[in-house]
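If you read the protein sequences in the order shown, they are chains A and B. Residues in the first sequence are numbered from 0 upward in steps of one, following numbering that gives the first Met the number 0. Residues in the second sequence are numbered from 0 upward in steps of one, following numbering that gives the first Met the number 0. Positions of the beta carbon are idealized from the N, C-alpha and C atoms, including for glycine.
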Amino acid sequence: MQRKLMTITAGVSALFVASTTFAKTAEEVLTSGSTPEEQGLAIAKEADIRDEGYGDSTVNLVMTLRNASGNESTRKLRTQTLEILDTALGDKSLNVFDEPRDVKGTGFLTFSKILDPDDQWMYLPALKRVKRISSKNKSGPFMGSEFALEDISSQEVNKYTYKYLRTEPCPTDTSLNCFVSERYPAYKYSGYTKQVGWIDTNEFRLHQTEFYDRKGDLLKTLKQLDYKQYLNQYWRADKFEMVNHQTGKSTSLSYDNYKFRVGLKDGDFTKANLKRQR
Amino acid sequence: MKKQLIAFSTALTTLSSAYAVELSGSVGIEGRAFLNRHQFDGQKNGSGFSATINPEFFHEFKNGKDSIAFEPFLRLDPQDSDREHVDVRELKWLHVADDWELSAGVDKVFWGVTESNHLVDIINQTDAVESPDQEDKLGQPMIQYGMFKDWGTVRAFVMPYFRERTYVSSEGRLRGGVPVDTDNAVYESGLEERHPDFALRYEHTFGDWDVGVAHFSGTSREARLVADTNAGGQNVLIPHYDLIDQTSVDVQLTTESVLWKLEAFSRSGQGERFTAAVGGLEYTFYGVMDSTTDVGFLAEYHLDDRSTSKAPGTIFDDDIFFATRIAWNDVDDSELLAGILFDREEKNRSFSVEYEQRIGNNWEVTAEGRFFAGFGGAGDVALTDEDYLQLTLTRYF
């Protein structure tokens, strides 16, 4: 993602920036590109710029897995994220599991990259061992769920190429209009040939994504619901619902207690801090 | 000691909600079945059940910088009075600052990158009675200081008290012909278990490389087992704990599909200075045959040129290890690990298979089989007829 180096440190400056000065309108975004590919890219860039500057965040997450017969299984974890302003890198994140109890204290430290595999370390509390793992495979199920690692990693503009298709009412909220674009993963080991995304024309939030597998068949649909705004600028969905059309299984993510700019630094995203997590 | 520890842990459990102490941990039942009769006098058959209780208590102070953790461990084992034991795995106060941390108490520290033998993992003593895989450790009393800089992490350890290795009694299976007499260990240091041991470690990540360099000075965690007779005139092995200096390195290179690993050390104090190393790789096929199953392959090679008379015995002197790991990535995190270790010269082989999965939300089942062949030579452990199957059911809370 093309991030500009920002020297903003306080929430006040960010509030000033929000929505009026830098943000483009839907019309400006569409007219800034002359081909569907350029328009798709412009939409993705605007969505990315709208989310810039959040600094850091923490949130609690409940993941509910459902199989085709309706049986449910739950995972609980806590996530810390640090926004990285270097244009060549993605965000840093620290995820620690609370449930199921046999994986309590298991943690993942991730330094996201754009087109390369992420740097990732795993902490195994029973052995008190930090193990660096290969993250080439981002398309396998995360903790047995219908979400792949590449589905929940930080969404960076340069991870895809785009093509704008049309504008229509948003499928999850017909009071809004959505840009519909195709995007093609640039990561060579991606599990998908293409995705189709619905981004609303008001606030450039992603409402629905369709995932197409390596054979080109529709595999999953993700809906992002119950958006709330934080710090007068940043939108986060409280609910993610992923349905796998081929297996009938589904997974919901429920986010709770979002906090921003809590003061996280690089020193919180280290192997040493990964070992301290409980 | 056992009664006090149980009483203290029970009290802490009942008080935990009142004092904002987080309680977690597990209880487990383990069933073992040995496939052959025991070989030596005094041994029991060994097949039967044992139980473990392993709670964890944690309290973080309101300043967010200080915390206390306590983890006692108990195994009840009717088959072997020395396998039945209690330990404090952790009892430590930790203070975290911006770029340093300090902890004091009993703790566990893991160093290393390889799978078949944790060669450089020297800080904690091995709780050898727990499993032949030697992965379980006894708590180590220590003061640890860690310093975190852009150029790396440096940790210093002061260990004021030595823990002796646990060994099965004469009743126990998985031992050699001569039992170890754990009541009469001999120390090179006149201060015996109170000899202060020191260690220093530097580690850093350089791109795809994770590197660690360390030095240890103090009482060897490995014991030299020396033949002797006890007061009753029976043959026993006496553990001798020598003073050593050991410098070690551990490196992992993480590429897209392969993890390359190496651990090595150079040690003095047990005969001539000697070196030991283990190196290998881990390759994983992700999503085989369009499924969500991952299949991994591991291969590691061990070398050790220590004196066979002046240094503690080791089985890892010229050995090859192959293993495969299958992860189904399903809701129950089912996983299978199968491995074989064989000595190129002595021709002895150990084969193990382990399957584990979660049941429901709170239970885990592990099925394990270990098989040994070719261990006929004179040595401190004769394992050929010690094949066994094991089923463990664990409840987490």
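- DSSP places Ala326 of chain B inside the beta strand (DSSP E), whose first and last residues are Asp317 to Ala326.
- A direct Cα-Cα distance of roughly 59 angstroms separates Ser80 of chain B from Lys222 of chain A.
- Of the candidates B:Asn123, B:Phe109, B:Gly171 and B:Phe284, the residue whose Cα lies closest to the Cα of Phe33 of chain B is B:Gly171.
- With a contact defined as Cβ atoms closer than 8 angstroms, Leu236 of chain B and Val179 of chain B qualify at about 5 angstroms.
- The stretch 94-103 of chain B and the stretch 126-145 of chain B touch, with three or more beta-carbon pairs separated by less than 8 angstroms.
- Between Tyr186 of chain B and Tyr240 of chain B, the C-beta spacing is below 7 angstroms.
- Identification of chain A residues near Asp97 of chain B by a Cβ-Cβ cut-off of 8 angstroms yields Gly266, ordered along the chain.
- Per the coordinates, the alpha-carbon of Tyr53 of chain A lies some 17 angstroms from the alpha-carbon of Ser111 of chain A.
- For the options B:Ser267, B:Glu202 and B:Leu173, the alpha carbon positioned closest to that of Thr152 of chain B is the one of B:Glu202.
- Around the beta carbon of Asp135 of chain B, a 10 Å sphere encloses 16 or more other beta carbons of the protein chains shown; the residue is thus reported as buried.
- The beta carbon of Val330 of chain B sits closer than 7 angstroms to some beta carbon of chain A.
- Residue pairing by DSSP places Thr160 of chain A opposite A:Tyr183 in a beta bridge.
- Under the three-state reduction of DSSP, Ser290 of chain B is assigned to coil, being neither helix nor strand.
- When the alpha-carbon of Tyr211 of chain A is set against those of A:Gly190, A:Asn231, A:Arg204 and A:Thr200, the nearest one is in A:Gly190.
- With a 10 Å radius around the Cβ and a threshold of 16 neighbouring Cβ atoms, Asn94 of chain A comes out buried.
- Inclusion of Ile325 of chain B and Val294 of chain B in the CB contact set at 7 angstroms is warranted, their separation being smaller than that value.
- Beta-bridge pairing by DSSP links Val364 of chain B to B:Gln356 and B:Leu392.
- Look at Ile42 of chain A here: in three-state DSSP terms it is helix.
- Between Glu353 of chain B and Ser174 of chain A, the alpha-carbon positions lie close to 55 angstroms from each other.
- In the DSSP assignment, Asp79 of chain B falls outside any beta strand (DSSP E), carrying neither H nor E.
- With a threshold of 7 angstroms between beta carbons, Arg204 of chain A makes no contact with chain B.
- Counting only runs of at least 3 residues, the stretch 182-213 of chain B fully encloses the following beta strand (DSSP E) elements, listed from N- to C-terminal order: 196-205.
- By a beta-carbon distance limit of 8 angstroms, Ala185 of chain A contacts Leu114 of chain A. Their separation comes to about 6 angstroms.
- The beta carbon of Glu83 of chain B lies closer than 8 angstroms to those of Ser49, Arg74, Leu75, Asp76 and Pro77 in the same chain, with the five residues before and after it left out.
- In chain order, His239 and Pro311 place their CB closer than 6 angstroms to the CB of Arg223 of chain B, counting only its own chain and leaving out the 5 sequence neighbours on each side.
- For Lys107 of chain B, the closest Cβ of chain A is nearer than 7 angstroms.
- Taking a beta-carbon distance threshold of 7 angstroms, Thr253 of chain B counts as an interface residue toward chain A.
- Taken in chain order, the complete alpha helix (DSSP H) segments of 4 or more residues contained in the stretch 126-151 of chain A are 148-151.
- The beta-bridge partner set that DSSP reports for Arg266 of chain B consists of B:Gln245 and B:Phe273.
- The beta carbon of Val26 of chain B is closer than 6 angstroms to those of Ile52 and Arg394 in its chain, skipping five residues each way along the sequence.
- Proximity to Asp150 of chain A across A:Pro124, A:Thr86 and A:Leu218 peaks at A:Leu218, based on C-alpha coordinates.
- Residue environment for Asp342 of chain B: buried (at least 16 other C-beta atoms within 10 angstroms of its C-beta).
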